[in-house]
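Engineer: Dropping the structure in here first, questions after.
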Amino acid sequence: MTRVASTSANNLAKKLSDAGIIHPAVLHAVATIPRELFLDGALAHKAYENTALPIGQGQTISQPYIVARMTELLMQHNPQKVLEIGTGSGYQAAILASLIPELCTIERIKALQIQARQRLKRLDLHNVAFKYGDGWQGWPNRGPFDGIMVTAAAATVPQALLEQLSDHGVLIIPVGEDTQQLLKITRIGQSFQSEIVEAVKFVPLINGGLA
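So this is what it looks like as structure tokens:
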């Protein structure tokens, strides 16, 4: 499937640029990945609004700004292999897969995983490995990873994910319950450097339990 930027998608990319997203490849991905493909038809008219939207199963497709922001934080380090925790609709996975050589993505809700796989296939994005499982544990036998992105808020940073980072790898993760902060954690040898990026609001990351 050839991806051509629509006027609406270009306008969204321009809004994100005005909001501070500066990475040209990230903005290009936002402009060329059709967000409406990842939404129920009844919500397709809202696809290029800068807002989170429901996708069923108590989950959401993230606000485009936060998708771009988290992607930009990873892309600053030119990752070659990334692990995504929480495939959801598949939109964030599609953005990542259009930018990096290899993506591994985990989803605990089977119905969402099946939909996401079909959507990425339709976009001819074939550099993605899918796993139905508990994202809290990561994907040890596919690691280490240059980057890990978590698309749900963890009460604490999962130790398993830290252990699966390569040296100088970066973990982007929202942490907290009532109040959440987006963290950027960089592995340096056996130590970890943590930076607070900004306040965010995500659905919770579930530890265990598949659906």
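First residue of the sequence shown: 9, per our numbering; consecutive thereafter. Beta carbons: idealized from backbone N, C-alpha and C, even for Gly. Note that the structure is a prediction, hence the values are computed from the model and not measured.
Residues in its own chain within less than 7 Å of Ala-21 by CB, not counting five upstream and five downstream?
Structural biologist: Sequence index remark: in the sequence shown, residue 21 carries index 13 (1-based). Cβ neighbours of Ala-21 beyond the five flanking positions: Leu-35, Val-38 and Ala-39.
Engineer: By Cβ distance, which residues of its chain are closer than 8 Å to Gln-188, with the 5 residues on each side in sequence left out?
Structural biologist: Taking the sequence shown and counting its residues from 1, the one referred to as residue 188 is at position 180. Correct list, in chain order: Ala-161, Pro-182, Ala-207, Val-208, Lys-209 and Phe-210.
Engineer: Specify the secondary structure class of Ser-199 as computed by DSSP and reduced to three states.
Structural biologist: The residue given as residue 199 occupies position 191 in the sequence shown. Strand at Ser-199.
Engineer: Straight-line CA distance for Arg-77 to Gln-172?
Structural biologist: Against the sequence shown, residue 77 aligns to sequence position 69. Against the sequence shown, residue 172 aligns to sequence position 164. Rounded to whole angstroms, Arg-77 to Gln-172 spans 22 Å at the Cα level.
Engineer: Tell me the residue span of the alpha helix (DSSP H) that contains Asp-26.
Structural biologist: Reading the sequence shown from its first residue, position 18 is the one you call residue 26. 15 to 26 is the span of the alpha helix (DSSP H), which, as asked, contains Asp-26.
Engineer: Given Gly-28, which residues of its chain have a CB within under 7 Å of its CB, disregarding the five upstream and five downstream residues?
Structural biologist: Mapped onto the sequence shown, residue 28 falls at position 20. Contacts found: none.
Engineer: Do Gly-94 and Glu-115 count as a contact pair if the criterion is CB distance below 8 Å?
Structural biologist: Taking the sequence shown and counting its residues from 1, the one referred to as residue 115 is at position 107. Taking the sequence shown and counting its residues from 1, the one referred to as residue 94 is at position 86. A contact, by the Cβ cut-off of 8 Å.
Engineer: Could you round the C-beta distance between Met-159 and Gln-65 to whole angstroms and report it? I think they count as a contact, below 8 Å.
Structural biologist: What you label residue 159 is simply residue 151 of the sequence shown in a count that begins at 1. What you label residue 65 is simply residue 57 of the sequence shown in a count that begins at 1. Contrary to the premise, residue 159 reads as Thr rather than Met in this sequence. Thr-159 to Gln-65, Cβ: 14 Å. No contact.
Engineer: In the DSSP assignment, find the unbroken beta strand (DSSP E) run with Ile-103 in it and report its ends.
Structural biologist: Locating residue 103 in the sequence shown gives position 95, counting from the first residue. Not the beta strand (DSSP E): Ile-103 falls in the alpha helix (DSSP H), residues 99 to 105.
Engineer: Could you tell me whether the region 101 to 121 touches the region 144 to 153, where touching means 3 or more Cβ pairs closer than 8 Å?
Structural biologist: Yes: the two stretches touch, three or more of their Cβ pairs being nearer than 8 Å.
Engineer: Taking all protein chains shown into account, do 16 or more other C-beta atoms lie within 10 angstroms of the C-beta of Asp-154, making it buried, or fewer, making it exposed?
Structural biologist: Counting from 1 along the sequence shown, the entry for residue 154 is found at position 146. Buried, because 16 or more other Cβ atoms sit within 10 Å of the Cβ of Asp-154.
Engineer: Using the rule of at least 16 other Cβ atoms within 10 Å of the residue's Cβ for burial, across every protein chain shown, is Thr-68 buried or exposed?
Structural biologist: Counting from one through the sequence shown, the residue named residue 68 turns up at place 60. Under this definition Thr-68 is a buried residue.
Engineer: Can you list, in chain order, the residues of its chain with a C-beta nearer than 7 Å to that of Ala-60? Leave out the 5 residues immediately preceding and following it.
Structural biologist: As a position in the sequence shown, residue 60 is number 52, starting the count at 1. Cβ neighbours of Ala-60 beyond the five flanking positions: Thr-68, Ile-69, Ser-70 and Gln-71.
Engineer: Measure from the alpha carbon of Leu-45 to the alpha carbon of each residue in Gln-198, Arg-195, Ile-103 and Asn-215, then state which is nearest.
Structural biologist: Within the sequence shown, the letter at position 37 stands for residue 45. With distances taken between Cα atoms, Leu-45 lies closest to Ile-103.
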